[in-house]
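For reference, the structure is listed below as structure tokens.
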Amino acid sequence: MDLREAIYTRRAVRAYAPQPLDRKLLDDLVDAAIQAPSAVNEQAWAFCILQDQALLTRISDASKAHLLAHAASERHLHEMADNPDFQIFYHAPALILILSTHRGAWAVENCALAAQNLMLAARGAGLGSCWIGLAQRWLDTPEGRAAVGIPDSWLPVAPIIVGYPSAPAPAVARKPPEVSWIG
């Protein structure tokens, strides 16, 4: 698949086949991620790959409880988090957590660039992906850090699930951009 096709057909996938992903494929996704640009070429990113479904369910439950306790002012998020059957990782076979190895000025931007590369590479490999923002805040708590071994000085930025889609994700209409031409 060429890059343009990957860009135009990448979707947030929320339904996965149970088929596991092999280590080489996951390594290839990380390799694509680190080809991203970074501010002043810091390359201050690290990757934590989780495939243990029991641990992912534990993180899902803790993230939902954290959301309910700290940030559930949005009704739809509260309803999702309050549903005991909802697993925030959609039972994907793998979670790739992109972390910044320091909390510098461009930590989030650097990791977001790596995340976009990873998601496009996943699409190019026939995989689906989705950035799971509901996990971010809990992963930055002492309990979340301990669960996956995140050093205190690192910042969890992009929890991205990957796997083989169980069904095609529908296209989402795009609003026309607001563009200003100067000069």
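Here the working numbering is used: the first residue of the sequence shown is 3, the next is one more, and so on. Where a beta carbon is used, it is the ideal one built from N, C-alpha and C, also for glycine.
Anticipated Cβ contact below 8 Å, residue i with residue j, distance rounded
i	j	result
Leu129	Tyr166	6 Å
His125	Ala8	In the sequence as displayed, the identity of residue 125 is Arg instead of His. With a Cβ gap of about 5 Å, Arg125 and Ala8 count as contacting.
Ala94	Tyr18	5 Å
Trp47	Ser102	6 Å
Arg13	Ala171	4 Å
Ala109	Val159	7 Å
Trp140	His68	4 Å
Ile162	Trp133	5 Å
Three-way DSSP call (helix, strand, coil) for residue i in this model
i	result
Trp133	strand
Gly146	helix
Gly165	strand
Ile98	strand
Leu23	coil
Ala175	coil
Ala116	helix
Val159	strand
Ala107	coil
Ala14	strand
Gln138	helix
Ile9	helix
Asp4	coil
Nearest residue (CA-CA) to residue i, options the options
i	options	result
Ala119	Arg176, Ala34, Gln89	A small fix is needed here, since residue 119 is Asn in this sequence, not Ala. Of Arg176, Ala34, Gln89, the residue nearest in Cα terms is Ala34.
Val186	Ile51, His68, Val15, Arg6	Only positions 3 to 185 of the chain appear in this structure, which leaves residue 186 out of reach.
Leu99	His78, Ile61, Pro86	Ile61
Leu136	His78, Ala173, Ile184, Ala175	His78
Gln21	Ala96, Arg105, Leu5, Ile90	Ala96
Val164	Tyr92, Asp87, Gln45, Asn43	Tyr92
Glu145	Lys26, Ala64, Ala173	Ala64
Leu28	Asp4, Pro39, Gln53, Gln37	Gln53
Ile36	Gly185, Phe49, Lys26, Pro178	Phe49
Ala169	Arg16, Asp142, Thr143	Arg16
Ala107	Asp24, Val174, Arg25, Ala41	Ala41
Lys66	Asp84, Glu44, Lys177, Glu76	Asp84
Pro86	Glu180, Glu76, Thr59	Thr59
Gln55	Ala173, Leu23, Met82	Leu23
Cβ of residue i within 9 Å of any chain B Cβ
i	result
Ala149	Absent from the structure: chain B. Only one protein chain is present.
Heavy atom of the ligand PLP within 8 Å of residue i beta-carbon
i	result
Ala117	Here there are no bound small molecules, and the ligand PLP is not part of this structure.
Hey, is the region 106-117 in contact with the region 139-155, meaning 3+ C-beta pairs nearer than 8 Å?
Taking a cut-off of 8 Å for Cβ pairs, the region 106-117 and the region 139-155 do not touch, as fewer than three such pairs fall below it.
Can you list, in chain order, the stretches of the beta strand (DSSP E) that have 3 or more residues and sit fully within the region 40-69?
Segments of the beta strand (DSSP E) lying fully in the region 40-69: 47-52.
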